[in-house]
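Residue numbers (the numbering used here), protein chains in the order written: chain A, 6 to 457; chain B, 6 to 457.
A virtual CB, placed ideally from N, CA and C, is assigned to each residue, including glycine.
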């Protein structure tokens with residue numbers, strides 16, 4: 006075992022307590038709670054590990070980003086950038102948490118709390134890997150940069166602006182992405198791509214105010230109108246019915262299909278974890294994996310209308326509001342898909358339903374042939390004993406902006422157990438995986454530096 | 006003018022300030038806020054007017070009812086019962102109120118606040134009419150009874166139990182119902198019936214917890230399932246598609262149709278008030294009035310699923326919950342209609358959607374030929390200069406329980422302007438109508454006593 010890995014083993018208590026510090030500082034970007042405070046705390050923890058930091062700002066109302074840097078003395082030609090985020094999802098529904106959402110409570114092998122895995126757990130593994138090199142050798146195998154943003158959970162609206170404004174500062178030869186999953190068999194999933202996202206809010210309005218529901222004989226109910234509109238968007242098998250929605254999408258290549266087939270996916274385990282008995286559209290086998298990698302979705306993320314409290318209120322609501330997130334795959338342009346959605350609603354007679362865009366972002370994929378893939382794959386094999394390549398995650402992130410602005414390959418690898426309940430109550434990080442992932446980052450830096 | 010009417014004229018300031026006292030005591034039955042306190046306050050105000058009161062109780066967790074009584078010295082053979090309620094609808098959405106919801110703020114001819122019209126305004130007119138007789142003559146023209154309940158806005162779940170338990174105490178020859186509308190031309194609407202109500206909550210569950218919405222490629226979304234289920238319940242014109250829903254309903258009789266045709270309804274004024282341009286199903290003319298009197302509805306009173314806060318949360322909800330109120334017409338039995346709904350869902354493949362009954366209540370109508378109708382009609386004509394007979398209100402109340410248990414005709418007449426925003430923000434009572442309605446109650450008591 007190399008001395009950095011031994012350092013990681015010895016210093017797990019400090020990794021854990023620093024992660025708890027981060028969890029205990031709420032940082033909910035959707036509610037603008039604790040954002041500035043968490044940026045300051047993240048920078049402080051990075052400095053304590055020997056990383057030079059700087060708070061980057063774009064302007065008022067935009068969450069600051071934390072920049073971190075360690076220049077390599079012996080190998081200043083190559084640079085790895087760690088992309089992470091210090092913000093978290095809202096903690097609701099609070100009553101389903103076993104501990105307070107920002108407790109950082111440890112039970113056995115798990116640290117609980119909103120952000121424990123997504124993304125404070127990932128961030129801490131990267132900080133501690135850099136610390137391991139600095140404390141054992143006083144140097145790092147290649148230049149290290151960090152970009153830790155504060156708006157990832159609300160769609161990373163400004164990350165591209167950060168990338169453009171600080172392009173020189175952030176220039177690099179490879180990006181380690183903010184998340185990385187470990188499957189139920191302990192294999193890290195090395196993901197080379199991300200889906201895009203079009204997040205919209207639809208609003209139907211009818212009467213100028215809520216009315217007594219006895220008037221439903223005369224006044225149209227906007228919740229009914231929304232139901233009528235929604236049913237035109239998607240069939241029961243999940244296929245999106247908007248004209249030309251899939252028009253530009255390429256079928257998988259033979260090489261991609263080969264990787265998809267090899268990617269393990271334990272259907273039974275997944276179903277047990279979520280307590281479900283079938284998949285959307287009755288998918289099975291390779292179709293399940295194809296959907297995860299390349300399926301576009303139309304998901305009702307929120308539906309709100311009328312009386313949602315306890316008991317009975319006989320009200321005819323004046324408004325119905327629906328939040329929909331469409332996952333996009335490569336070559337689906339968010340703006341073009343938005344126009345198609347608006348046109349669809351108009352054509353189906355729902356032109357009065359307002360469509361407000363909350364976020365739009367294109368999909369991105371790093372080619373399997375990029376040499377950076379091998380660096381990461383080898384490190385993951387060494388640290389975890391095995392690894393899985395995935396051509397795209399089912400999730401979304403601003404990978405397209407990174408590859409476009411920085412021109413560097415982006416790869417995700419990390420410590421997050423696939424059932425770590427991210428975005429849900431009782432989110433946790435597994436301590437054993439935090440340790441392995443930190444060692445994996447050490448190996449990535451070492452391998453990457455050695456290849457220069 | 007009779008001396009009671011002069012008394013009413015002189016003592017409007019006390020009526021107004023007592024109404025304000027009632028409004029300023031919140032009494033939201035859906036949230037169990039201020040219920041006991043408001044019962045005590047209502048009894049106190051009744052006693053101040055000379056009415057003997059008693060707090061009736063059925064048991065823990067059931068809102069108390071206020072009983073009031075004044076025995077007539079000169080005419081103890083006949084009894085009128087006033088049925089009212091001291092509870093109010095929830096005040097939400099609070100941010101649409103111009104004043105705090107329980108302010109009792111006066112602006113010109115209007116008193117604002119939740120409950121100002123429904124039903125604290127109606128209650129105060131009846132108390133003050135009785136006070137007018139007691140203060141001017143020391144007697145009342147017939148026995149007076151009050152039943153003021155505290156669960157009307159959550160469906161009067163226990164009023165029938167109160168009626169049964171206190172049947173002798175509450176026995177009477179005629180009931181003046183808790184509400185009464187005054188149309189846009191100042192004509193009181195004398196309503197002889199009420200629709201029934203079946204209020205249910207539908208719940209669709211899928212995953213055991215909320216998940217990241219990237220998993221929408223695999224996990225079914227219960228909000229989508231709810232949309233699919235709802236669309237089978239109703240067509241776009243409002244017709245309910247549940248098998249045999251309308252099976253027992255009698256068509257209107259010739260006499261009923263005659264009354265419906267005579268009933269005024271200003272479509273333009275109604276549309277302007279609610280800011281709408283057409284009615285459900287494109288109804289016009291007599292069809293609008295027939296729908297108000299005899300239409301059954303399936304109204305989405307609430308739809309709640311997923312992220313309803315500000316901004317974007319990319320969540321796949323585990324649950325979707327919908328509250329539906331069906332208005333029922335005579336001969337529709339709530340239990341039978343519920344079975345039909347459940348059977349419909351099963352047959353359409355939605356047997357997994359849970360149906361929870363929140364409330365069920367049958368419709369009721371007092372025959373136009375009942376002599377009590379003439380008593381009320383004459384009093385309304387005298388007080389307001391005109392009056393309109395309606396064979397049924399579009400709303401629901403436990404009238405069926407009253408007519409069944411007490412065997413007395415029930416008639417609604419009162420002070421509530423038809424656009425008084427009951428159940429909505431900025432609910433108000435009109436001071437001119439409160440005065441006229443109080444005088445109208447005086448005349449009803451006088452006419453009813455004189456006919457004995």
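Taking residue i as the reference, give the member of the options with the closest Cα.
i	options	result
residue 372(B)	286(B), 179(B), 187(B) and 44(B)	179(B)
residue 20(B)	444(B), 189(B), 429(B) and 282(B)	444(B)
residue 322(B)	328(A), 162(A) and 105(A)	328(A)
residue 196(A)	378(A), 57(A) and 248(A)	378(A)
residue 341(B)	174(B), 173(B), 31(B) and 201(B)	201(B)
residue 101(B)	432(B), 453(B) and 222(B)	432(B)
residue 347(A)	35(A), 246(A), 128(A) and 375(A)	246(A)
residue 409(B)	56(B), 172(B) and 220(B)	172(B)
residue 30(A)	92(A), 88(A) and 223(A)	92(A)
residue 136(A)	56(A), 199(A) and 17(A)	56(A)
residue 190(B)	183(B), 274(B), 211(B) and 109(B)	274(B)
residue 305(B)	110(B), 207(B) and 402(B)	207(B)
Please classify residue i as buried or exposed, where buried requires at least 16 other C-beta atoms within 10 Å of its C-beta.
i	result
residue 397(B)	buried
residue 82(B)	exposed
residue 226(A)	buried
residue 51(B)	buried
residue 351(B)	exposed
residue 65(A)	exposed
residue 318(A)	buried
residue 374(B)	exposed
Secondary structure at residue i, three-state DSSP: helix, strand or coil?
i	result
residue 136(B)	helix
residue 458(B)	Absent from the model: residue 458(B). The displayed extent of chain B is 6 to 457, so no value can be given.
residue 388(B)	helix
residue 201(B)	strand
residue 19(B)	helix
residue 396(A)	coil
residue 290(A)	coil
residue 317(A)	coil
residue 285(B)	helix
residue 378(A)	helix
residue 433(B)	strand
residue 260(B)	helix
residue 177(A)	coil
residue 57(B)	strand
If we define contact as Cβ-Cβ less than 8 angstroms, is residue i a contact residue for chain B?
i	result
residue 359(A)	no
residue 312(A)	yes
residue 67(A)	no
residue 280(A)	yes
residue 371(A)	no
residue 81(A)	no
residue 204(A)	yes
residue 316(A)	yes
residue 22(A)	no
residue 319(A)	yes
residue 89(A)	no
Checking contacts by CB at 8 angstroms: is residue i closer than that to chain A?
i	result
residue 229(B)	yes
residue 356(B)	no
residue 453(B)	no
residue 4(B)	What the structure shows of chain B is the stretch from 6 to 457, and residue 4(B) is not part of that stretch, so it cannot be assessed.
residue 400(B)	yes
residue 242(B)	no
residue 73(B)	no
Query raised in the report: Is it a yes or a no for the segment 222 to 242 of chain A touching the segment 413 to 425 of chain B, going by three-plus beta-carbon pairs under 8 angstroms?
Result: Contact fails between the segment 222 to 242 of chain A and the segment 413 to 425 of chain B, because fewer than three Cβ pairs, one in each stretch, are under 8 angstroms apart.
Query raised in the report: Just checking, does the segment 111 to 126 of chain B make contact with the segment 22 to 36 of chain B on the three C-beta pairs under 8 angstroms criterion?
Result: yes
Query - Three CB pairs or more closer than 8 angstroms across the segment 302 to 317 of chain A and the segment 299 to 311 of chain B - result: By the Cβ test, the segment 302 to 317 of chain A is in contact with the segment 299 to 311 of chain B, since at least three Cβ pairs between them sit closer than 8 angstroms.
Requested in this report: State whether the segment 136 to 153 of chain B contacts the segment 62 to 82 of chain B, with contact taken as three or more CB pairs (one from each stretch) at a distance under 8 angstroms.
Outcome: yes
Query raised in the report: Touching or not, the segment 246 to 261 of chain A and the segment 248 to 268 of chain B, by the rule of three or more beta carbon pairs under 8 angstroms?
Result: no
Query raised in the report: Are the segment 265 to 280 of chain A and the segment 290 to 303 of chain A touching by the rule of at least three beta carbon pairs closer than 8 angstroms?
Result: Yes, they touch.
Requested in this report: State whether the segment 357 to 368 of chain A contacts the segment 329 to 340 of chain A, with contact taken as three or more CB pairs (one from each stretch) at a distance under 8 angstroms.
Outcome: Between the segment 357 to 368 of chain A and the segment 329 to 340 of chain A there are three or more C-beta pairs closer than 8 angstroms, enough to call the two in contact.
Query raised in the report: How do the segment 176 to 195 of chain A and the segment 382 to 396 of chain A stand: do at least 3 beta-carbon pairs fall below 8 angstroms, yes or no?
Result: Cβ pair count under 8 angstroms is three or more, so yes.
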